[in-house]
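Participant: For what it's worth, our numbering labels the leading residue of the sequence shown as 489, then goes sequentially.
Note that CB positions come from ideal geometry on N, CA and C, so glycine has one too.
Just so you know, these numbers come straight off a predicted model, no measurement behind them.
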Amino acid sequence: MKDKVLSLLGLAARGRNLVSGEFSTEKAVKEGKAALVIVSSEASDNTKKMFTDMCAFYQTPIYFYGTKDALGNAVGKEMRASVAVTDKGLADSIMKRLEES
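Here's what the structure looks like:
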């Protein structure tokens, strides 16, 4: 896997520092546990708007990145439209990579 962002998401998933799926991601943001939210570029406009508004309200960084398949594969699941990283240090290094690309 060449993609450093997806590798780090996989690492977060294995370390149990990541939740995936719309419901779990939304719950993590609302409980203040999400340090970073990543929504698939392929997600529906409604999903993107919902997460954009929610992350703005809860002051959580949000990025649009990758396909649903790529996000799902990275975290060892099927297609995922959204994931939330719950570890601050890991979230920071993923954001650094996202800003480089």
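1) Quick one: using the 10 Å Cβ neighbour count with 16 as the cut-off for buried, is A544 buried or exposed?
2) From K565 to A531, what does the alpha carbon distance come to, in whole angstroms?
3) For S529, which of A501, R504, T540, L506 has the nearest alpha-carbon?
4) By Cβ distance below 8 Å, which residues in the same chain neighbour M489 in space, the five residues on each side in sequence not counted?
5) Using the Cα positions of G577 and K536, report the straight-line distance between them to the nearest angstrom.
6) Taking the alpha carbon of L586 as the reference point, which residue from L559, V571, Y551 has its own alpha carbon closest?
7) M542 to V573, Cα distance in whole Å?
8) Give me the Cα-Cα distance between D491 and V527, rounded to the nearest whole angstrom.
9) Helix, strand or coil for V563 per DSSP?
Facilitator: Taking the structure as given:
1) Position 56 of the sequence shown holds residue 544. With fewer than 16 other Cβ atoms within 10 Å, it is exposed.
2) Residue 565 sits at position 77 when you count from the first residue of the sequence shown. Residue 531 sits at position 43 when you count from the first residue of the sequence shown. If you take the alpha carbons of K565 and A531, they lie about 16 Å apart.
3) As a first step, residue 529 is located in the sequence shown; it is residue number 41 there, counting from the start. Nearest C-alpha to S529: T540.
4) Looking up residue 489 in the sequence shown gives position 1. Because the pLDDT of M489 is 45, which lies under 50, any placement of that residue in the model is unreliable, and the number read from its coordinates should be weighed accordingly. Answer for M489: S495, G498, A562, listed in chain order.
5) On the sequence shown, position 89 is the one that residue 577 refers to. On the sequence shown, position 48 is the one that residue 536 refers to. C-alpha separation (whole angstroms): 25 Å.
6) What you label residue 586 is simply residue 98 of the sequence shown in a count that begins at 1. Of L559, V571, Y551, the residue nearest in Cα terms is Y551.
7) Numbered from 1 along the sequence shown, position 54 holds the residue referred to as residue 542. Numbered from 1 along the sequence shown, position 85 holds the residue referred to as residue 573. Going by the C-alpha atoms only, they are around 15 Å apart.
8) Residue mapping note: residue 491 aligns to position 3 of the sequence shown, counting from 1. Residue mapping note: residue 527 aligns to position 39 of the sequence shown, counting from 1. D491 and V527: Cα-Cα distance of roughly 16 Å.
9) Within the sequence shown, numbered from 1, the residue matching residue 563 stands at position 75. Here V563 sits in coil by DSSP.
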